[in-house]
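Participant: Here it is, the structure, as structure tokens.
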Amino acid sequence: MRKLMHFLCCITGVADKNTVVVRHHPLGKRSSKLHNNNSNNLDNGICGILYKWANFGRGWRPRWFVLYDGVLFYYKINGKVFNFETQNGFTVIGKKSFRFINTCKTTPSSQFLSRKPLREIHLKDSTVMGSCSDDRRFLIITGKKKLQLKAESKDDRLIWLEGLFAAKKAFITSDFVHNPRMNNNCKVGTRDSGMKGGNTSRSNEEHYRQEETDDDVHTDNSFFDALDCLSTCSLKTANCYDESSSFDSDNGEVQPSEDGLSSFMRFVECDYPYIERREKLPDPVNEEKGISLWSMIKDNIGKDLTRVCLPVYFNEPLSSLQKCFEDFEYSYLLDQAYEWGRTGNSLMRMLNVAAFAVSGYACTEGRKFKPFNPLLGETYEANYPDKGLRFISEKVSHHPLILACYCEGRGWKMWGDTNLKSKFWGPSIQLDPVGVLNLEFDDGEVFQWSKVTTSIYNLVIGKVYCDHFGTMHIQGSGGYSCKLKFKKQSIMNRNPHQVHGVVQDNSGKTAATVFGKWDESLNYSNVSMDLGQDVAYLLWKQSKQANIQTKYNFTRFAITLNELSPDLEEKLPPTDSRLRPDQRFLENGEYEVANSEKLRLEQRQRQASQMQEKGWKPRWFRKPKGSDTYQYRGGYWEARETGKWESCPHIFSEET
25 MRKLMHFLCC ITGVADKNTV VVRHHPLGKR SSKLHNNNSN NLDNGICGIL
75 YKWANFGRGW RPRWFVLYDG VLFYYKINGK VFNFETQNGF TVIGKKSFRF
125 INTCKTTPSS QFLSRKPLRE IHLKDSTVMG SCSDDRRFLI ITGKKKLQLK
175 AESKDDRLIW LEGLFAAKKA FITSDFVHNP RMNNNCKVGT RDSGMKGGNT
225 SRSNEEHYRQ EETDDDVHTD NSFFDALDCL STCSLKTANC YDESSSFDSD
275 NGEVQPSEDG LSSFMRFVEC DYPYIERREK LPDPVNEEKG ISLWSMIKDN
325 IGKDLTRVCL PVYFNEPLSS LQKCFEDFEY SYLLDQAYEW GRTGNSLMRM
375 LNVAAFAVSG YACTEGRKFK PFNPLLGETY EANYPDKGLR FISEKVSHHP
425 LILACYCEGR GWKMWGDTNL KSKFWGPSIQ LDPVGVLNLE FDDGEVFQWS
475 KVTTSIYNLV IGKVYCDHFG TMHIQGSGGY SCKLKFKKQS IMNRNPHQVH
525 GVVQDNSGKT AATVFGKWDE SLNYSNVSMD LGQDVAYLLW KQSKQANIQT
575 KYNFTRFAIT LNELSPDLEE KLPPTDSRLR PDQRFLENGE YEVANSEKLR
625 LEQRQRQASQ MQEKGWKPRW FRKPKGSDTY QYRGGYWEAR ETGKWESCPH
675 IFSEET
């Protein structure tokens, strides 16, 4: 059992002198890059004043913190401090800490040797994260507590985080070097090594419980409200690596690639063929005319926007059916989930499914135009052998507007329908998707979830932007479920687009936490904090986008969705969205022609309700008895192979 240590015991002979040498980066000044090859020794530890969150009544309380020998100690500040630190190698962090040492009265060693810390935190059993909502805050999670801390400045926080991670890493390395039994029992070097082991012991965790009652951390709900959310910066600062970092296999890390795929997934995707696709939209034929959105929609406040006829100037050259397939841009996450399940790792499968559910929102950032509302019976196919995907969607109902889709991937299939209810409130539009998405793997495991609410703001004045908010519940038939909270953007929030959540087993016990941003990346951390488990792992990262920016802010993947080659045109049914004339004219920049075609098609679409009343049925989807979800009836790809589309009407033709 570790000896009780005061924060200056390293100069009094109390501490064990046979401690490991902690390698770290220079802490005297902040360098331009946290990672460098120059390292100093922190044998004597670091110390300084940090502010610790107590509760909403007491707020932030200053405490004296000391990091030494892989353990973090903290004490109350009572006006007496011991100014031997700098003389004996301690690194003092923060201007306020220096002033405190210089102005306070020195206490003899005989008085402070018996003084006990309020608490000690063993770093090898803890997780350290930085807050992205405040560049002065960071968090230390032990098995039973969450310690929320705030440094004096941003630079001070970086110094503390570097010291904490260096100490944690060296302490763990020391255990592996000096404990042969541990070397035989522990496996290091696999990315999911922390996801399977048991809990580690928390020694001395109860020792000072009575003395720290006034510093108890608030409940989890209050904590997340106060901290906002831990996001990508926990990887960039707290974990001390950036997007281009290389990771050491001894730490159980995998180097993320340019588009966020792990080397595990590179192996999975190695047999996909390469298919050349277009990289930009056609240059516009005509110059676009300016038009006031407010003049067009001011008389439609409170109405369903799907019933409002708007000119093409407010559309992007994609239909809502194509937007459904855009959610599969990062389908490799489902391929990866399938492979994890084959290895018996149900937790990693759940985490990758959660990452896929979040990744579908990344393409909406910067998109301020409305997709085309499909005609009744309109379809869209996507055959992407380079991603291992085949996708088919169809508009199956006009009022209410329901889109059904079905997708086949490597070892999985996914289907669902969406009834998009929209309301226009003048300066904003709110979109509430109604429907359940179903994902089934070849081994029989099924996942279900529904999408969250989307709102588009500043339609009249200001910069148009969209936000997604609400709670997403991902239910799995296996051993885990996931709850994801998309935090609503507010005026006071300096860090928008946050997502955080938990993965729980069937007993309700939390197995992992996830956090990130829906437009950037998603990370996970294992709450068991086994030996060798690092702070967080990258699940998904948005891929780099095209250098050629269009007015629509399409991603590279979105640019390919409406591509129509002569060979493909011969194989498509007459109902495919690529053949819709107003959408094609808009993509080509022929705005006047596109607008007249849109008016013509929408006049025809008014007959759709009469068609439904007369018994019209979708061609490729049906709703089984007792089910609320449309399911694919089959036969599309067989008809495509033979070119027999006699049952598909020419819905875009000039005929009435």
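Residue numbering for the sequence shown follows our numbering, beginning at 25 and increasing consecutively. C-beta atoms are modelled at their ideal positions from N, C-alpha and C, and glycine is treated no differently.
1. If you measure between the beta carbons of residue 401 and residue 643, is that distance less than 8 Å?
2. Hey, out of 474, 469 and 517, whose CA is closest to residue 500's CA?
3. Three or more C-beta pairs closer than 8 Å, one from the segment 508–516 and one from the segment 388–402: is that the case here?
4. State yes or no: is the C-beta of residue 548 within less than 8 Å of the C-beta of residue 561?
5. Could you check whether the segment 356–363 touches the segment 446–466, counting it as contact only if at least three pairs of C-beta atoms, one from each stretch, sit closer than 8 Å?
6. For residue 617 and residue 311, what's the separation of their Cα atoms in angstroms?
7. Suppose the cutoff is 6 Å on Cβ atoms and the five residues either side in sequence are ignored; what does the same chain contact list for residue 475 look like?
8. Report the option in 631, 353 and 485 whose CA atom is closest to the CA atom of residue 584.
9. In chain order, which beta strand (DSSP E) runs of at least 3 residues are fully inside the segment 452–515?
10. Residue 419 bridges to which residues according to DSSP?
11. Please report the straight-line C-alpha distance between residue 657 and residue 426, rounded to a whole angstrom.
12. Give the secondary structure of residue 388 by DSSP, where H, G and I count as helix, E and B as strand, and everything else as coil.
13. List the endpoints of the continuous beta strand (DSSP E) containing residue 161.
14. Thinking just about the alpha-carbon of each residue, which of 99, 535 and 454 is nearest to the one in residue 372?
15. Nearest to residue 596 by CA position, among 169, 614 and 664, is which residue?
16. Determine the extent of the alpha helix (DSSP H) in which residue 666 is found, giving its start and end residues.
17. Using the Cα positions of residue 166 and residue 473, report the straight-line distance between them to the nearest angstrom.
18. Bridge partners of residue 437, per DSSP?
19. Can you tell me whether residue 606 is helix, strand or coil according to DSSP?
20. Can you tell which of 447, 182 and 350 has the C-alpha that lies nearest to the C-alpha of residue 430?
21. With DSSP collapsed to three states, give me the class of residue 399.
22. Please state the DSSP three-state secondary structure of residue 346.
23. Can you check which of these residues, 82, 301, 398 and 190, is closest to residue 605 by C-alpha distance?
24. Grab the span of the alpha helix (DSSP H) containing residue 172 for me, first residue to last.
25. By Cβ distance below 6 Å, which residues in the same chain neighbour residue 420 in space, the five residues on each side in sequence not counted?
26. Between the Cα of residue 362 and those of 471, 636 and 528, spot the shortest distance and give me the residue it belongs to.
27. What three-state label does DSSP hand residue 188 in the structure shown?
28. Classify residue 611 as buried or exposed, calling it buried when 16 or more other Cβ atoms lie within 10 Å of its own Cβ.
29. Under the DSSP definition of a beta bridge, which residues are partnered with residue 547?
30. May I ask you to check if the CB of residue 526 is nearer than 7 Å to at least one heavy atom of the ligand SAH?
31. Secondary structure at residue 340, three-state DSSP: helix, strand or coil?
32. Would you grab the beta carbon distance between residue 340 and residue 393 for me? Rounded to a whole angstrom, and I think it's under 8 Å.
33. How would you write the range of the beta strand (DSSP E) that residue 528 sits in, first residue to last?
34. Give the secondary structure of residue 411 by DSSP, where H, G and I count as helix, E and B as strand, and everything else as coil.
35. Across which residues does DSSP place residue 405 in a beta bridge pair?
36. In whole angstroms, what separates the C-alpha of residue 346 from that of residue 364?
Facilitator: In brief:
1. Contact: yes.
2. The residue with the shortest Cα to Cα distance from residue 500 is 469.
3. Taking 8 Å as the limit for Cβ pairs, the verdict is that the segment 388–402 does not touch the segment 508–516.
4. Their beta carbons are under 8 Å apart, which means residue 548 touches residue 561 by this criterion.
5. In short, these stretches touch, since the Cβ pair count reaches three.
6. Their Cα atoms are separated by approximately 13 Å.
7. Excluding positions up to five away in sequence, the list reads 457.
8. If we check each option's Cα against that of residue 584, 353 comes out closest.
9. DSSP runs (the beta strand (DSSP E)) wholly in the segment 452–515: 453–458, 461–465, 470–473, 477–481, 489–500 and 504–510.
10. According to DSSP, residue 419 bridges with 427.
11. Straight-line Cα distance between these residues: approximately 16 Å.
12. Shown here, residue 388 sits in a helix according to DSSP, grouped into three states.
13. Segment 161–165, the beta strand (DSSP E) holding residue 161.
14. Nearest of 99, 535 and 454 to residue 372, Cα basis: 535.
15. Comparing Cα-Cα distances from residue 596 to each of 169, 614 and 664, the minimum goes to 664.
16. Unbroken alpha helix (DSSP H) run through residue 666: 660–666.
17. The alpha-carbon atoms of residue 166 and residue 473 are separated by roughly 31 Å.
18. Paired residue(s): 432 and 464.
19. In the structure shown, residue 606 falls within a helical segment according to DSSP collapsed to helix, strand and coil.
20. Residue 350 is the option with its Cα nearest to residue 430.
21. Coil.
22. Three-state result, residue 346: helix.
23. Per the Cα distances, 398.
24. Premise fails: residue 172 lies in the beta strand (DSSP E), 170–174, not in any alpha helix (DSSP H).
25. Counting only residues of its own chain and dropping the five nearest sequence neighbours on each side, residue 420 has a CB closer than 6 Å to the CB of 426, 428, 642, 645 and 654.
26. For the residues 471, 636 and 528, the minimum Cα distance to residue 362 belongs to 471.
27. Three-state result, residue 188: helix.
28. Residue 611 comes out buried.
29. Answer is 539 and 562, bridged to residue 547.
30. This structure simply doesn't include the ligand SAH, nor any ligand for that matter.
31. Reduced to three states, the DSSP call for residue 340 is strand.
32. Taking a contact as a CB-CB distance under 8 Å, the pair residue 340 and residue 393 counts as one, their CB atoms being some 4 Å apart.
33. 522–529 is the extent of the beta strand (DSSP E) around residue 528.
34. Correct three-state label for residue 411: coil.
35. According to DSSP, residue 405 shares a beta bridge with 416.
36. Distance from the CA atom of residue 346 to the CA atom of residue 364, rounded to whole angstroms, is 29 Å.
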